[in-house]
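Asks:
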Amino acid sequence: MTTLVELYHAPNCPRCTRAMAVLREQTATFGDRLDYRERDVIAALDDAVRLGIRATPAIVINDRLVFTGLPAHEKLQAALQAAVRGAST
Amino acid sequence: MTTAHPSKPLRIGEISQLTGLSADTLRYYERIGLLPRVARTPAGIRLYSERDLSRLRFIQRAQKMNFSLEEIGQLLQMREDPQHARDAVRRLAAHKLLEVEARVQELTLLRNELTLLINLCHGSSEGCPIIEEMEDQPPFQ
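Protein sequences, first through last, are from chains A and B. Letter 79 of the first sequence, counting from 1, is numbered 104 in this note's numbering, and no numbers are missing. Letter 11 of the second sequence, counting from 1, is numbered 402 in this note's numbering, and no numbers are missing.
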């Protein structure tokens, strides 16, 4: 199973732009074990509300809200690794 | 309308002010049995107890959920003596509970959506997503 990582972002959200850059870089290291998508929170509002997203940027891993805001590099890396490990077992 | 609790019996005007219900409505509820006969002074002036106020607030809450007055009457009987409620009334209460829970769920989603939109508004330097979202939606059916 491939791990799905989604970044919910909004227009005019500088932290979202920063989060996009970080996530693109970090998720790329996992190759095809991880599928990374960026979603406009307004276009995907129903999903965002269902997931409990209250602010952007929000990072969703396998349909579960894991971070609101951009976490520290190590924290994000650990969450991605755990998700990929979990998906391969 | 305030949420104060009366420590002494209240007259109809005071109850009306506390609940937002008109004096006519209060008298009507008593006439159709939603309220038991309200105590009166020797001069015939109605004196509402804290228990009456509690019943009125229950009626108002139930009406906001679109329960009929007949249903509210049955639920009030159960509220007076839950242990001896008839089966039909218990079933009605269970059914109404499901309706309330569904409404709570809807309201929770709405709250989350509005919270998100307001947060997006704060983060936006150009325009406000709450407005864009409303414009994109078809009017209520």
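In this text, a Cβ means the ideal position worked out from N, Cα and C, and glycines have one as well.
CA-CA distance, residue 500 (chain B) and residue 456 (chain B)?
Replies: Whole-angstrom Cα-Cα distance: 17 Å.
Asks: My assumption, with CB atoms under 8 Å, is that residue 38 (chain A) sits in contact with residue 81 (chain A). Please give the rounded CB distance.
Replies: Residue 38 (chain A) to residue 81 (chain A), Cβ: 5 Å. Contact.
Asks: Between A:71, A:44, A:77, A:75, which lies nearest to residue 62 (chain A) when the distance is taken from Cα to Cα?
Replies: Taking only the C-alpha atoms, the option nearest residue 62 (chain A) is A:44.
Asks: What is the rounded straight-line gap between the Cα of residue 467 (chain B) and the Cα of residue 446 (chain B)?
Replies: Near 7 Å, if we compare the C-alpha coordinates of residue 446 (chain B) and residue 467 (chain B).
Asks: Rank B:427, B:450, B:502 by C-alpha distance to the C-alpha of residue 439 (chain B) and give the top, closest one.
Replies: The shortest C-alpha separation from residue 439 (chain B) is found at B:427.
Asks: In this structure, does DSSP put residue 449 (chain B) in helix, strand or coil?
Replies: Helix.
Asks: Measuring CA to CA, which of A:29, A:34, A:30, A:26 is closest to residue 510 (chain B)?
Replies: Residue 510 (chain B) has its Cα closest to that of A:34, out of A:29, A:34, A:30, A:26.
Asks: Label residue 31 (chain A) either buried or exposed according to how many other C-beta atoms from any shown protein chain fall within 10 Å of its C-beta, with 16 as the threshold for buried.
Replies: Buried.
Asks: By DSSP's criteria, residue 497 (chain B) is part of a beta bridge. Which residues make up the other side?
Replies: Partner(s): none; residue 497 (chain B) has no beta bridge.
Asks: Here's a check: name, in chain order, each residue in its chain whose Cβ is nearer than 6 Å to the Cβ of residue 463 (chain B), leaving out the five neighbours to either side.
Replies: Same-chain partners within the cutoff: 450, 453.
Asks: Helix, strand or coil: how does DSSP classify residue 437 (chain B) here?
Replies: Residue state, collapsed to three classes: strand.
Asks: Just confirm the distance between the C-beta atoms of residue 95 (chain A) and residue 52 (chain A), as a whole number of angstroms; I'd bet it's less than 8 Å.
Replies: Not quite, the Cβ-Cβ distance comes to about 13 Å (not below 8 Å), so this is no contact.
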